[in-house]
Amino acid sequence: MTPPRRLHAASVVAAALVVLTAAAPQQAQAARPLPSVTPRSETATLYDDEAGGNANADDPAIWRNAADPDRSLVIATAKEGGLRVYDLDARQVQAVAAPSTGAPDDAPGRFNNVDLVHGLRLSGGRADVAVTTDRGNDRLRVYRVQAGRPGGPLVDVTDPGAPPVFSADQAEINEQRTAYGLATWTDARTGRSYALVSRRNQTRLALLELTPTAAGTVTYRTVRTLDLPSSFRLPNGRTWSPCAEPGELPQVEGMVVDPANGVLYAGQEDVGIWRLPADLTGTPKLIDKVREYGVPGVYDEKTKECAAGADPGFGGRRLAADVEGLTLVTGRGGDGHLLASSQGDDTFAVYDREVDEHNAYEGGFRVSAANATLDGSEQCDGAAVLNAPLGRRFPRGLLVVQDGRDTPADTEREATGFKFVDLGSVLDRL
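Plus 9 on top of the position in the sequence shown (first one is 1) and you've got this note's numbering.
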């Protein structure tokens, strides 16, 4: 998760006045309040401190138990806290620790994003697996899903010889420009399964083929990489790059692949949403921009903040940086929606799934508090949706969103968690 960079108040006001003056008619409609949905339940709060095991909720995935949908699971990352597995009542059923490192000074294991592969071919037959990026060790880790297994459904099947994704050696791993965002994809033409992985603080994407070993484990190999732009030519002729700490480039985290057509959607946090072929062979197209696109900024080493200049008005209207979790509501005949977490204003933007419709914007919503004890979602990072019946609890499907600002009694600690939302309530508002 990359919290939105704070900007000096005077700069923000000046930027806002420029936007309102230049584009008031178009902004009026966008300023209307978005509809709200409320969660049905929430997971126990995670705390990112020593007492809480440095657990920080980040990204979820939903596994449907076809034999018994009521026993479906949510698998979620907790960074240094490893993985958490929840039932549909949001109760924890398993905790998987992030792997330890070899030396005390090495970066600790840190699980960032997670996704699922269904029916991956292993030496002992096909199986569903959860794949996660271990940002601390610059590797993927793979867990077989075995429903009903004593001790929990996840079994580590990562090959011990699995290589670093981006780094050449441990010294480079410790710099933490490592495996970050993740989306899985199974090519319908070949049956081969892949992980698309982004690199922290860089613009690089890597396509990794997941390959089974004779020992029953899973490893991977890099097929190709692609670098998204880090600077952009604006309509006024100037070149713009998002403000960042020196040496850092605008990274990607949220990603999802449409299984029907092999289209990858990638959220470049301070830029917008890209659409490109999942095999990384085509030309990326920027389908929407964050509002802050084109706004100049200067990084202050003392405050570790960016001071924004005047907004030239080249940004989008629906996303406030960072653009984070991307997830796909699939429907019949190619129908459905792309959902994007607009972290900067605690909303979700919804786009048409169909490329022929140019992924047109279709609306948005908020996840608001259900009552005094069940709050909504703020500063949302990861999100996952499943448009399929999940037993009596979620007969119309499930949306799980990260809450980057949970509200426990002890507000001094950094607290996060996940909210479970009835997908039907979302679809009813679109």
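C-beta: ideal position from N, C-alpha, C; glycine also.
Each of L129, V123, V151, Q155 was checked against the Cα of R80, and the nearest Cα belongs to Q155.
Selection D165, A53, R41, S45 evaluated against K428 yields A53 as nearest (Cα-Cα).
Put simply, the backbone Cα of R230 is about 16 Å away from that of R130.
When DSSP reads this structure, D361 sits in a beta bridge with H346. Distances from the CA of A60 to each of I282, T226, G90 were compared; the closest alpha carbon is that of G90. If you draw a straight line from the Cα of G373 to the Cα of Y189, it is about 27 Å long. V166 is the residue among V174, G145, V166 whose C-alpha sits nearest the C-alpha of V151.
The beta carbons of T47 and S377 sit closer together than 9 Å.
Residue pairing by DSSP places V154 opposite L163 in a beta bridge. Residue pairing by DSSP places D412 opposite G426 in a beta bridge.
For S434, the secondary structure class from DSSP, reduced to helix, strand or coil, is helix.
Per DSSP, Q101 lies in no alpha helix (DSSP H); the unbroken beta strand (DSSP E) holding it starts and ends at 101-105. In this structure, the beta-carbon distance from D288 to G306 does not fall below 9 Å. Close CB contacts of Y302 within its chain, under the 7 Å cut and outside five residues either way in sequence, are with V280, G281, F323, G324, G325 (chain order). Under the DSSP definition of a beta bridge, L258 lacks any partner. With a beta-carbon spacing of about 7 Å, S240 and W249 fall inside the 8 Å limit used to define contacts.
Within the same chain, P221, A223, G225 come within 6 Å of S132 by CB-CB distance, once the 5 residues on both sides are set aside. Apart from sequence neighbours up to five positions away, the residues of its chain that approach G145 with a beta-carbon distance below 6 Å are A116, P117, G118, R119, ordered along the chain. A straight-line Cα-Cα distance of about 12 Å links V299 and D320.
In this structure, the alpha-carbon of T292 lies about 15 Å from that of T212. As a beta-bridge residue in DSSP terms, V272 pairs with D267, P286. In the three-state reduction of the DSSP assignment, D124 falls in the strand class, which pools E and B.
Bridge pairing for R242: T248 [DSSP]. DSSP places E181 inside the alpha helix (DSSP H), whose first and last residues are 179-182.
Between T339 and G345 the beta-carbon gap is near 5 Å, inside 8 Å, which marks them as a contact.
Judged by DSSP in its simplified three-state form, P69 adopts strand. In this structure, DSSP gives D114 a state outside helix and strand, which the three-state scheme calls coil. When the beta-carbon positions are compared, T193 and V266 come within less than 9 Å of each other. The secondary-structure analysis by DSSP pairs A253 with nothing; it has no beta-bridge partner. Around the C-beta of L439, fewer than 16 other C-beta atoms lie within 10 Å, and the residue is accordingly described as exposed.
With fewer than 16 other Cβ atoms inside 10 Å of its own Cβ, G111 counts as exposed. Assigned with DSSP and collapsed to three states, P78 falls in helix.
Where R208 is concerned, the enclosing beta strand (DSSP E) starts and stops at 202-208. A distance below 9 Å separates the beta carbons of G263 and E333. Exclusion of the five residues before and after I182 leaves A116, N146, D147, P173, S176 as the residues of its chain whose Cβ lies within less than 7 Å of its Cβ.
A direct Cα-Cα distance of roughly 37 Å separates D297 from A180.
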